[in-house]
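Below: the structure, in structure tokens.
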Amino acid sequence: MGYLFLVNVLLVLIQADDVLTIFYDVLALQFVQQLDDIGFRLARLDVFGRRMQRACTMRWFDQEFEYHKGCAKHKMALKAIYFINAAVFIAAIVVITMRQMNGYYFCKELTLDVGDGILEEAFVRMNGKFETWVLVHSYFNGVFIKNGTHAGRPLYKEARKFDRQPYPENQGGTEFPVVVPAEIKYCEEIKAWVLTHENIRKSENDDSSCNWLLRSPETDSFNVLDAAGKWDMWVGVLGTTDVSITCNRCFENSDCNLNGECSDDGICICNNGNGVNYFGEHCEVKLREDCKTIIPEDGIYTMSIEHMSSWTNEPATKESTEASDVWYDIWQEYSRPVFSSVDNNERWSLVYSGSRWFGMNLTGRDVSSKQWLMAVSNYHAFWYRAYDTGTTFVSDKTKESSPVGVDWYQIGERGDQFGPLGALYPVQRYNQTGRGVFRCAGNIKNNNTSVSARNLSNFDRKLTKILKGHVGT
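Once you know that position 180 of the sequence shown is 179 in numbering that gives the first Met the number 0, the rest is easy, because the numbers rise by one and skip nothing.
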């Protein structure tokens, strides 16, 4: 009974958040431990009836045992046991406390999903000077990896959108800026969890605590998962948004959405085969075989997922055609595959960027170069200014696995007169909301519409001509 009590006390000390909680828990344990003594005394007082009283007062031995004074060796043995118990107890507390301080028991990797709020004038420090950029908060959606601690709590750094691995320090050799990852950490000054970035400010003279872009309600929790819910979001003024934070560790197959198996180390191994590929940390993104090529309702070009092995001139080996390797070979950003159309040396791609799909003109890129692979690997919709450079089409907000069934818009005029995304002209037939633009080519039986015969730029020019006539420019 004594050892059981000590184990319970140890568990209480480990799990308690404050001293008062420890006091109440130990008091409750002490009460439970004394319940049998209390019951015995009440039975002797005839509270539970005569029969119980006789059972508690009856002599069960014919002869009473006499007390014998223990010998010196016996006393030393008892003292040794006490010291051993104390040493084991203190050692356990020290080990567990050190692990808590190092964040051993916290989630190692999490997925962040914020709203689609837009900060039209984010002050971004570039080369020692501040520039104003348009910041869409969902650009920072994705995986964050634990990287040390801050204020006694875990600190999480943003991972790459390409393969959900840490951003390398050396990102040289490309025309794009070095991506410095955002951070999720606890801010002691405001007693809240925050999403912050060292190079992004609300204003040039922003001296707010922890330089936050999003902040949780006030909390003293050591676990950021407890802070999910309504957060404050800076969009030029103070706003609110729903923030979803999930740990990427699985415990059973249902944590992998039944689209994969939960391994012994808590990682979802997505099922791939039988005409379906799954993406994402929880295998939540589904790509069917008949949707690996998509076509528009108006137009006869096609767009297909792109395998990175096609960017080199090296022939595919037998080992590289295994199902697992094929999955990793698919070019993906933000846990969704990229769809591309390459015809007449023109390259167009549909790239997901946290909450919307971007139709990007990537013509002229040398996909066999190391610079291209570096750019693809470190792609970030905000730092690459993807919406401002090369994007001519944009979709509605969506969490769908592919561009199919999503309404699209051509980006028109930009400026102060227009919204932060510019003038948006619907592309779908009849401007019908909810009609979508793309369909899965595998579901189309008409061979004439499932064969690539024209490139995207021809359709783009035709659409632009129609739109210009519509707006009278």
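We treat Cβ as the ideally placed atom computed from N, Cα and C, and that holds for glycine. A quick note: this is a predicted structure, and the numbers were derived from the prediction, not measured.
1) I want to know whether the region 394 to 402 touches the region 374 to 385 - three or more CB-CB distances under 8 angstroms.
2) The alpha helix (DSSP H) spanning LYS72 covers which residue range?
3) State the CB to CB distance for the pair GLY114 and ASP241, rounded to an integer number of angstroms; the pair is presumed to be in contact (CB under 8 angstroms).
4) Which residue wins for smallest C-alpha separation from TRP169, given the options TRP192, PRO419, GLN370, PHE392?
5) Looking only at C-alpha atoms, which of VAL177, CYS267, ASP297 sits nearest to CYS249?
6) Is ASN247 buried or exposed, if buried means 16 or more other CB atoms sit within 10 Å of its CB?
7) Per DSSP, what kind of secondary structure is CYS106 in: helix, strand or coil?
8) Please work out which residues of its chain come closer than 6 angstroms, Cβ to Cβ, to SER480, disregarding the five sequence neighbours upstream and downstream, and give them in chain order.
9) Using the Cβ count rule (16 or more neighbours within 10 Å means buried), how would you classify ASN257?
10) Please report how far the alpha carbon of ASN276 lies from the alpha carbon of PRO295, in whole angstroms.
11) Grouping DSSP H, G and I as helix and E and B as strand, with all else coil, what is TYR429?
12) Can you give the Cα-Cα distance for THR390 and CYS290, rounded to whole angstroms?
13) Can you grab the Cα-Cα spacing for the pair LEU455 / VAL178, in whole Å?
14) Alpha carbons only, please: which of ASN360, TRP356, GLY441 is nearest the one belonging to ASP342?
15) What does a CB cutoff of less than 7 angstroms around ASP24 pick up in its chain, not counting 5 residues either side in sequence?
16) Classify THR316 as helix, strand or coil using the three-state DSSP reduction.
17) In or out: GLU412 buried (at least 16 other Cβ within 10 Å) or exposed?
18) Using a Cβ distance threshold of 8 angstroms, determine whether the region 96 to 108 contacts the region 125 to 138, with at least three qualifying pairs required.
19) Any idea if GLN331 is buried or exposed, counting beta-carbon neighbours within 10 angstroms, 16 or more meaning buried?
20) In chain order, which continuous runs of the beta strand (DSSP E) of length 3 or greater are located wholly inside the region 347 to 435?
21) Verify whether the separation of the beta carbon atoms of GLU280 and THR110 is less than 7 angstroms.
22) For GLY259, list the residues DSSP reports as bridge partners.
23) The beta strand (DSSP E) spanning VAL123 covers which residue range?
24) Which same chain residues, not among the five before or five after TYR473, have their C-beta less than 7 angstroms away from its C-beta?
25) By DSSP's criteria, ASP112 is part of a beta bridge. Which residues make up the other side?
26) On the DSSP bridge assignment, give the partners of TYR138 in chain order.
27) What is the rounded straight-line gap between the Cα of LEU372 and the Cα of VAL6?
28) Going by C-alpha distance, which of SER202, CYS186, GLU203 is nearest GLU217?
29) Which class does LEU5 belong to by DSSP, given the choice of helix, strand or coil?
30) Identify whether ALA191 lies in helix, strand or coil by the three-state DSSP scheme.
31) In this structure, how does DSSP classify TRP310 when only helix, strand and coil are distinguished?
32) Going along the chain, which residues of its own chain have a beta-carbon closer than 6 angstroms to the beta-carbon of ILE92, five neighbours each way excluded?
33) Measuring alpha carbon to alpha carbon, tell me which of THR362, SER339, SER354, ILE329 ends up nearest GLU345.
34) For the alpha helix (DSSP H) containing LEU26, name the first residue and the last one.
35) Can you grab the Cα-Cα spacing for the pair GLY141 / GLY441, in whole Å?
36) Shortest alpha-carbon distance to PHE139 belongs to which of SER354, ARG438, GLY414?
The answer reads as follows:
1) Judged by Cβ distances under 8 angstroms, the region 394 to 402 makes no contact with the region 374 to 385, as fewer than three pairs qualify.
2) Start and end: 71 to 100.
3) Contact holds; Cβ gap of about 6 angstroms.
4) According to the sequence as given, residue 169 is Asn; it is not Trp. Shortest Cα-Cα distance from ASN169 to any of TRP192, PRO419, GLN370, PHE392 involves GLN370.
5) For CYS249, the nearest C-alpha among the options comes from CYS267.
6) Flag for ASN247 reads buried.
7) DSSP places CYS106 in coil when its eight states are reduced to three.
8) Because the chain spans 0 through 472 in this model, residue 480 falls outside it and cannot be assessed.
9) Reading off the sequence, residue 257 comes out as Leu, not Asn. Exposed, by the Cβ-count rule.
10) Computed Cα separation, rounded: 22 angstroms.
11) Reduced to three states, the DSSP call for TYR429 is helix.
12) Near 23 angstroms, if we compare the C-alpha coordinates of CYS290 and THR390.
13) Below a pLDDT of 50, predicted positions are generally treated as unreliable, and LEU455, at 42, falls in that range; no measurement from the model is reported.
14) Among ASN360, TRP356, GLY441, the Cα nearest to that of ASP342 belongs to ASN360.
15) The residues VAL11, ALA15, in chain order, have a CB closer than 7 angstroms to that of ASP24 in the same chain once the five nearest residues on each side in sequence are set aside.
16) Annotation note: pLDDT 42 at THR316 (below 50); position unreliable, no value reported.
17) Its Cβ having fewer than 16 others within 10 Å, GLU412 is exposed.
18) Fewer than three Cβ pairs drawn from the region 96 to 108 and the region 125 to 138 lie within less than 8 angstroms of each other, which leaves the two stretches out of contact.
19) Here GLN331 is buried, its C-beta having at least 16 other C-beta atoms within 10 Å.
20) Runs found: 356 to 360, 390 to 394, 407 to 410, 423 to 425.
21) Contact: yes.
22) Beta-bridge pairing links GLY259 to CYS269.
23) Segment 117 to 125, the beta strand (DSSP E) holding VAL123.
24) Outside the shown range of the chain (0 to 472) lies residue 473, about which nothing can therefore be said.
25) Checking the DSSP bridge columns, you'll see ASP112 partnered with SER243.
26) BP columns for TYR138 are empty, so no partner.
27) The straight-line gap separating the alpha-carbon atoms of LEU372 and VAL6 is approximately 54 angstroms.
28) Ranking the options by Cα distance to GLU217, first place goes to CYS186.
29) In this structure, LEU5 counts as helix in the three-state DSSP scheme.
30) In the structure shown, ALA191 sits in a strand (DSSP, three-state: E or B).
31) In the displayed model, TRP310 falls within a helix according to three-state DSSP.
32) None.
33) Measuring from the Cα of GLU345, the nearest candidate turns out to be THR362.
34) 18 to 43 is the extent of the alpha helix (DSSP H) around LEU26.
35) Cα to Cα, GLY141 sits roughly 30 angstroms from GLY441.
36) PHE139 has its Cα closest to that of SER354, out of SER354, ARG438, GLY414.
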